[in-house]
Amino acid sequence: TVGAVAVDSEGNVACATSTGGMLNKMEGRVGDTPCVGCGGYADNLLGAVSPTGHGEAIMKVTLSRLILFYMEQGKTAADASDQALAYMWERVQGLAGVVVVDPRGGWAARFNSLQMAWAAAQNGQLHYGLGKGEDFTLPL
Amino acid sequence: MLPVLVVHGGAGNVPRQRAELSCAGVREAARAGYALLQSGRSAMDAVVEAVTLLENNPAFNAGCGSVLNEHGGVEMDALVMDGRTLASGAVSAVRRIANPVQLARLVMEKTQHLCLTAEGASKFARAVGVPEVPEETLITDYARKRWQRNLQPGSNPVECQMGKMG
Chain A
1 TVGAVAVDSE
11 GNVACATSTG
21 GMLNKMEGRV
31 GDTPCVGCGG
41 YADNLLGAVS
51 PTGHGEAIMK
61 VTLSRLILFY
71 MEQGKTAADA
81 SDQALAYMWE
91 RVQGLAGVVV
101 VDPRGGWAAR
111 FNSLQMAWAA
121 AQNGQLHYGL
131 GKGEDFTLPL
Chain B
141 MLPVLVVHGG
151 AGNVPRQRAE
161 LSCAGVREAA
171 RAGYALLQSG
181 RSAMDAVVEA
191 VTLLENNPAF
201 NAGCGSVLNE
211 HGGVEMDALV
221 MDGRTLASGA
231 VSAVRRIANP
241 VQLARLVMEK
251 TQHLCLTAEG
261 ASKFARAVGV
271 PEVPEETLIT
281 DYARKRWQRN
291 LQPGSNPVEC
301 QMGKMG
């Protein structure tokens with residue numbers, strides 16, 4: 001799965017997610033990706049989310065909307081992501097990762113799987129990582 | 141407002157030999173999407189551009205490089221959502237489309253519906269001039285090997301793709 005979230009110069013947010021699905025899936029199996037609130041969500045009032053991971057688990061907790069719900073309650077993008085991923089693990093033992101932005105330009109890339117390739121561009125800097133805790137930077 | 145764009149290339153366990161390919165791919169996609177934001181384009185334009193690049197990169201499981209289903213075929217899903225209006229478009233189980241994310245955007249912009257699936261999505265693609273591509277062009281040797289390996293009795297495709305908890 002691949003995905004992106006963005007905030008533009010007018011403060012509008014958007015998300016996009018695309019996937020080939022799960023390895024050796026049944027013909028006709030559809031996971032979280034095309035489902036609003038699961039495989040992505042974007043609302044200028046809250047932020048935008050694009051997830052990746054075990055689709056059935058993501059759908060059971062509506063992961064994208066859950067993260068924005070936590071942000072609506074005042075959590076940062078990173079804290080909301082961690083709380084939602086922890087909830088998903090506790091309830092359905094799901095592994096996933098997310099990229100998140102808020103309308104003020106705050107962002108997060110979080111995951112409870114072993115790895116997630118991610119990159120973030122803002123204010124002349126490119127952040128990227130793959131493993132837990134990695135945050136390398138390059139000039140844009 | 142400082143524009144920002146964040147991309148991911150999938151969660152799971154990335155084999156060491158593909159780690160740098162994955163990192164280079166997400167960096168390239170982030171740079172390209174961010175360049176559009178800097179030129180004044182919309183967040184929607186930026187995320188679709190970034191995801192299109194990732195779909196075209198065989199290092200990732202979307203578009204070219206998609207994992208295969210149990211029959212060795214490619215069925216892809218995609219979604220876009222615009223935070224201004226909550227407009228959204230999606231496709232599911234779509235075949236022989238190079239960039240499902242662009243087709244999802246067309247569903248959002250040109251229909252009254254949120255999601256088109258399978259053959260209906262293909263008919264819509266033809267109607268709006270999105271070309272079909274040979275399925276073989278979406279299948280990589282790496283995807284075929286993983287598919288074959290996980291046909292063996294006792295294999296666990298979900299754990300193979302997702303790995304364990306980090």
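Chains as they are written, first to last, in our numbering: chain A, 1 to 140; chain B, 141 to 306. Think of the CB as a built atom: it goes at the ideal place given N, C-alpha and C, for glycine as much as any other residue.
According to DSSP, residue pairing for Ala-120/A in a beta bridge involves His-127/A and Val-146/B.
Between Glu-27/A and His-211/B a beta carbon distance of about 6 angstroms is seen, short of the 8 angstroms cut, so the two are scored as contacting.
For Ala-120/A, the CB contacts under 8 angstroms within the same chain, skipping 5 residues up- and downstream, are Val-99, Trp-107, Ala-109, Leu-126, His-127 and Tyr-128 in chain order. Classified as exposed, Asp-281/B has fewer than 16 neighbouring CB atoms from the shown chains inside 10 Å of its CB.
For a Cβ distance threshold of 9 angstroms, residue set Val-2, Gly-3, Ala-4, Ala-16, Thr-17, Ser-18 and Ser-50 of chain A lies close to Val-191/B, ordered along the chain.
C-alpha of Gly-306/B to C-alpha of Thr-33/A: approximately 22 angstroms in a straight line.
Within the segment 94-120 of chain A, complete beta strand (DSSP E) segments of at least 3 residues are found at 96-101 and 107-111, given in chain order. Taking all protein chains shown into account, Phe-136/A has fewer than 16 neighbouring C-beta atoms within 10 Å of its C-beta and is therefore exposed. The criterion of a C-beta distance shorter than 8 angstroms is satisfied by Tyr-41/A and Met-221/B.
Using a Cβ distance threshold of 8 angstroms, Val-273/B and Arg-224/B do not count as a contacting pair. Judged by DSSP in its simplified three-state form, Ser-162/B adopts helix. In the DSSP assignment, Ser-50/A falls within the unbroken beta strand (DSSP E) covering 47-53.
The beta-carbon of Thr-33/A is placed less than 8 angstroms from the nearest beta-carbon of chain B.
Collapsing the DSSP output to three states places Cys-300/B in a helix. Judged by DSSP in its simplified three-state form, Gly-3/A adopts strand. Below the 8 angstroms Cβ cutoff, chain B contributes no neighbours of Asp-82/A, its closest Cβ being approximately 12 angstroms away. In this structure, DSSP gives Met-184/B a helical state, which the three-state scheme calls helix. Within the segment 123-135 of chain A, those residues whose Cβ lies closer than 7 angstroms to any Cβ of chain B are, in chain order, Asn-123, Leu-126, Tyr-128, Leu-130 and Lys-132.
According to the DSSP assignment, Ala-14/A belongs to the beta strand (DSSP E) that extends over 13-19. Between the alpha carbons of Asp-82/A and Ala-267/B lies a gap of roughly 42 angstroms.
Taking the Cα of Leu-45/A as reference, the smallest distance to any Cα among Val-61/A, Asn-12/A, Leu-138/A and Gly-94/A is reached at Asn-12/A. In this structure, Leu-243/B and Ala-261/B form a Cβ contact; the two beta carbons are roughly 7 angstroms apart against a cut-off of 8 angstroms. Contact fails between the segment 201-215 of chain B and the segment 159-175 of chain B, because fewer than three Cβ pairs, one in each stretch, are under 8 angstroms apart. Cβ-Cβ separation between Gly-20/A and Asn-201/B: approximately 5 angstroms, consistent with a contact (criterion under 8 angstroms).
Distance from Gly-47/A to Arg-65/A at the Cβ level is roughly 11 angstroms; contact not present, criterion being Cβ atoms closer than 8 angstroms. For Leu-246/B, none of the residues of chain A pass the 9 angstroms Cβ criterion, the least Cβ distance being about 13 angstroms.
Between Val-187/B and Ala-16/A, the beta carbon gap of about 4 angstroms places them in contact (Cβ cut-off 8 angstroms).
DSSP places Phe-69/A in the helix class (H, G or I) of the three-state scheme.
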